[in-house]
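So the structure is just underneath, and the comments pick up after that.
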Amino acid sequence: MRLTFTLVAACVLAGAAPARAQMPDDGARLLQDAAVRAAVEAARAHEAQTLMDQQRFCQVPAPPFMEAARGEVLKQAFEQVGLQNVRVDRVGNVLGDRPGRSPRPRLVIAGHLDTVFPEGTDVTVTREGDVLKGPGIGDDCRGLAVLVSIVRALNQANVVTEGSITFVADVGEEGLGDLRGMKALFGETMKGEIDRFVSIDGTGLGITRVAVGSHRYRVTFKGPGGHSFGAFGLANPIQAMGRAIAKIGEFQVAARPKTTFNVGRVGGGTSVNSIPFEGWMEVDMRSSDPASLAAVDAQFHLAVDEAVAEENRRWNHPDMVTAEKDLVGDRPAGNTPEDSPIVRAALAVNQALGFTGNLGEGSTDSNIPMSLGIPAITVGGGGQGRGAHSLDEQFDTTDSWKGTQRATLLVFALTQRWEATP
Ligand SMILES: [Zn+2]
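Using numbering that gives the first Met the number 0, you'd call the opening residue of the sequence shown number 0 and step up by one each time.
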C-alpha cells in the first residue's frame with residue numbers, strides 16, 4: 000500500500016501534462032474543473048439534507064426479502080432529484096440514470112436497501128448530539144442517502160460527465176439475501192452494460208478492493224429414529240453429525256489468503272430418550288481466494304460423506320443415515336488489483352481531498368462484479384459507525400460530509416475515459 004501512495008503522490012505532483020491527462024490517479028486534475036469544484040463544495044454544503052434523508056430512509060422498515068417499501072421511497076427520491084428512466088427490476092432493485100456525454104463508460108453506483116433486522120423491529124431513529132441512533136442507520140441508510148446527495152451536488156453544479164451513471168438502490172445484500180440484487184443486476188437487468196461499479200456500504204472512508212467469498216450450507220442428517228432403549232442399535236443422525244463436526248474441526252486451511260470455516264448452528268432430536276430421526280447444522284466457509292474456498296468446500300463435502308459412512312458402518316446398517324447438503328449462501332470471491340485504474344482513481348480522489356482511507360477486504364455487493372472481472376470497489380459513506388447489525392447501531396455525524404464529498408468526486412473520476420490521449 001505504501002507503494003501505491005508513493006505512485007499517487009508522484010502523479011499528482013507531475014501535474015496535468017497532456018500524456019498524463021487521462022491517468023485515473025491524477026486527482027488534482029479533476030479539481031481543476033470549476034464545475035467539479037462547485038459540486039464537491041455542494042456535497043459538503045448539503046450535508047444537513049443528506050442526514051435528514053438518511054434518517055427518513057431508515058425509518059422505513061426493510062427486513063430481509065421485504066425491501067419494497069423502502070425501495071418505493073428511494074424510487075420517489077430518485078425521481079425528485081431528476082434521475083431519468085427510474086425503474087424497478089424483477090427482484091426489486093431501484094434504478095435511475097444520469098446520462099453523460101456518451102453512454103459509455105457506464106458507472107453503476109449502488110447502496111443496499113435491506114437490513115438484517117426482522118419484521119416488527121422498531122426502526123425509529125433518534126438523535127443525541129452529533130450521533131444518530133437506529134437499526135441500519137449506517138449500514139446502509141448512509142449509502143442510500145449519499146447516492147441521492149451525489150445527484151443533487153452534480154445537478155447544482157451543472158456537471159456533465161463524460162460517461163453515464165446508473166444509480167441503484169439494491170436488494171438482498173445481507174445474510175441469506177445472498178447478493179441476489181447484484182446477481183440479477185449483472186446477470187439480467189444490466190447484463191453487459193456495466194463498465195465500472197462502486198458500492199457505498201457503511202461508514203468511514205475506507206476502500207474495499209478484495210471480495211471475501213463464502214459458501215454456506217445447511218446439512219440435514221436423517222434416519223429412522225426410535226426408542227433409545229428399545230430400538231438401540233440404529234444408526235443415529237446426530238451422532239453422524241457429531242462425527243462430521245469433529246472432522247470439520249480438524250480442517251487445515253491457508254492463513255494467507257485468510258480462509259476460514261465455522262459450524263455456527265446445530266439442532267435436532269425430539270427427546271433425551273429417543274434416537275433422533277433428524278439433526279441439522281449450518282456451516283460457513285470463507286476466503287478471498289476462489290481456489291482456497293473451493294478447496295475447503297471440497298473438504299467439507301468429504302467430511303460429511305465420510306461421517307455418514309462411518310456412523311452406518313459402526314451400527315452395520317448401510318445407508319440408514321443420510322445427509323442432505325443445501326447450499327444456502329454462495330458469495331463468490333474475487334478482487335480488483337491494487338494497481339488497477341479504479342483503485343488508483345479512488346486513492347487519488349482521497350488524496351486530492353486530503354482524506355485518508357485504507358484499502359481493505361470484505362463481503363459486499365462488489366463480490367459479484369469482482370468475480371466477473373468487472374472493475375469494482377466498495378467505499379464507506381463517511382462519518383463513523385458503531386454496532387452495525389445490532390439494535391443500537393449508531394452513526395456519528397462528525398465530518399460525515401467527507402463521505403459525500405469523496406463519493407461525488409469519485410463518481411466524476413470514474414466516468415472519465417482512461418485510455419491514453421491519442
Ligand atoms: Zn451493508
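Built from N, CA and C at the ideal position, the CB exists for glycine as well. Computed from a predicted structure; not experimentally measured.
Given that a residue counts as buried once 16 or more other Cβ atoms are within 10 Å of its Cβ, and exposed if not, what is N357? The residue is exposed, with fewer than 16 neighbouring Cβ atoms inside 10 Å.
8 Å Cβ shell around V320 - same chain, five flanking residues per side excluded: Its chain contains F220, K221, G222, A234, N235, P236, A239, V307, E310 and N311 as the residues whose beta carbon lies nearer than 8 Å to that of V320, once the 5 sequence neighbours on both sides are disregarded; these appear in chain order.
Counting along the chain, where does the beta strand (DSSP E) carrying I373 start and finish? No residue range can be given for I373, since it is assigned to no beta strand (DSSP E) and is classified by DSSP as neither H nor E.
Entirely within the segment 214-263 and at least 4 residues each: give me those alpha helix (DSSP H) ranges in chain order. Qualifying alpha helix (DSSP H) stretches, in chain order: 236-248.
In three-state DSSP terms, what is N157? N157 falls in the coil class under three-state DSSP.
Give the single residue among S399, A254 and A245 whose Cα lies nearest to the Cα of A47. That would be S399, whose Cα lies nearest to the Cα of A47.
Under a Cβ-count criterion, where at least 16 other Cβ atoms within 10 Å of its own Cβ denotes burial, should E392 be classed as buried or exposed? By the neighbour-count rule (16 or more Cβ atoms within 10 Å), E392 is buried.
I'd like to know whether the C-beta atoms of Q350 and R43 end up nearer to each other than 8 Å. Taking the C-beta atoms as reference points, R43 is found no nearer than 8 Å to Q350.
Per the DSSP calculation, D96 is bridged to which residue(s)? Paired residues: Q83 and T165.
Expressed to the nearest angstrom, what Euclidean distance is found between the alpha-carbon atoms of P63 and I376? When rounded, the distance between both Cα atoms is 24 Å.
Is there at least one non-hydrogen atom of ligand 1 closer than 7 Å to the beta-carbon of D138? At least one heavy atom of ligand 1 lies closer than 7 Å to the C-beta of D138.
Do the segment 157-171 and the segment 121-129 touch if we need at least three Cβ pairs shorter than 8 Å? Fewer than three beta-carbon pairs drawn from the segment 157-171 and the segment 121-129 are found closer than 8 Å, and the two stretches are therefore not classed as touching.
A412 in three-state terms, based on DSSP: In this structure, DSSP gives A412 a helical state, which the three-state scheme calls helix.
I206, DSSP secondary structure in three states: Three-state result, I206: strand.
Residues that DSSP places opposite W279 in a beta bridge: Its beta-bridge partners are T219 and G266.
My assumption, with CB atoms under 8 Å, is that G95 sits in contact with L112. Please give the rounded CB distance. With a contact defined as Cβ atoms closer than 8 Å, G95 and L112 miss out at about 14 Å.
CA-to-CA distance, M51 to P60, given in whole angstroms: When rounded, the distance between both Cα atoms is 16 Å.
Per DSSP, which one or two residues make a beta bridge with S198? Its beta-bridge partners are A109 and T377.
With a threshold of 7 Å, establish whether the CB of G359 neighbours any heavy atom of ligand 1. Relative to ligand 1, the beta carbon of G359 is positioned no closer than 7 Å to any heavy atom.
Exposure label - Q53; buried when at least 16 CB within 10 Å: Counting Cβ neighbours within 10 Å, Q53 comes out buried, since at least 16 surround it.
Sorry if obvious, but does the Cβ on H300 come closer than 7 Å to a heavy atom of ligand 1? No, the Cβ of H300 stays beyond 7 Å of every heavy atom of ligand 1.
Let me confirm a value: Q31 is counted as buried when at least 16 other C-beta atoms fall within 10 Å, else exposed. Which label applies? By the 16-neighbour rule on beta-carbons within 10 angstroms, Q31 is exposed.
With A332 and L292 assumed to form a contact (beta carbons below 8 Å), what rounded beta-carbon distance in angstroms separates them? Indeed they touch by this definition, with Cβ atoms about 5 Å apart.
Other residues of its chain near A18: CB distance less than 6 Å, five sequence neighbours each side excluded: Reliability of the predicted coordinates at A18 is poor, the pLDDT of 39 falling under 50, and the value obtained from them is presented with this limitation in mind. Nothing meets the Cβ criterion.
Kindly list the residues whose CB is nearer than 6 Å to the CB of S198, restricted to its own chain and excluding five residues on each side of it in sequence; keep chain order. Result list for S198: A109, T363, D364, S365 and T377, in chain order.
Cβ-based neighbour list, D169, same chain, cut-off 6 Å, excluding 5 preceding and 5 following: Within the same chain, D169 has close Cβ partners N92, A109, H111 and G180.
Touch check for the segment 196-212 and the segment 97-108: three-plus C-beta pairs under 8 Å? Pairwise C-beta distances place the segment 196-212 in contact with the segment 97-108, as three or more of them are shorter than 8 Å.
Can you say whether G212 is buried or exposed, counting buried as having 16 or more other CB atoms within 10 angstroms of its CB? Buried, since its Cβ has 16 or more Cβ neighbours within 10 Å.
Does R89 pass the burial test, meaning 16 or more other C-beta atoms within 10 Å, or should it be called exposed? By the Cβ neighbour-count rule, R89 is exposed, with fewer than 16 other Cβ atoms within 10 Å of its own.
Cut-off 7 Å between Cβ atoms - residues of its own chain near M0, not counting five sequence neighbours on either side: Here the model assigns M0 a pLDDT of 28, short of 50, so the residue's position is not dependable and the matter cannot be decided.
Shorter than 7 Å, the distance from the beta carbon of D200 to the closest heavy atom of ligand 2, or not? By its list of ligands, the structure shown excludes ligand 2, since it contains just ligand 1.
Is the Cβ-Cβ distance between D166 and F77 less than 8 Å? At residue 166 the sequence reads Phe, which differs from the Asp that was named. Taking 8 Å as the cut-off, the beta carbon of F166 is found closer than this to the beta carbon of F77.
Return helix, strand or coil for I136, following the three-state DSSP convention. The answer is coil: DSSP assigns I136 none of H, G, I, E or B.
Less than 8 Å between the beta carbons of F441 and I244, yes or no? With the chain running from 0 to 421 in the structure shown, residue 441 is simply not present.
Let me check understanding here. Comparing Cα to Cα, which of A412, F394 and G224 lies closest to A144? For A144, the nearest C-alpha among the options comes from F394.
Close beta carbons around V265, own chain, < 6 Å, minus the five adjacent residues each side: Cβ within range, chain order: M280.
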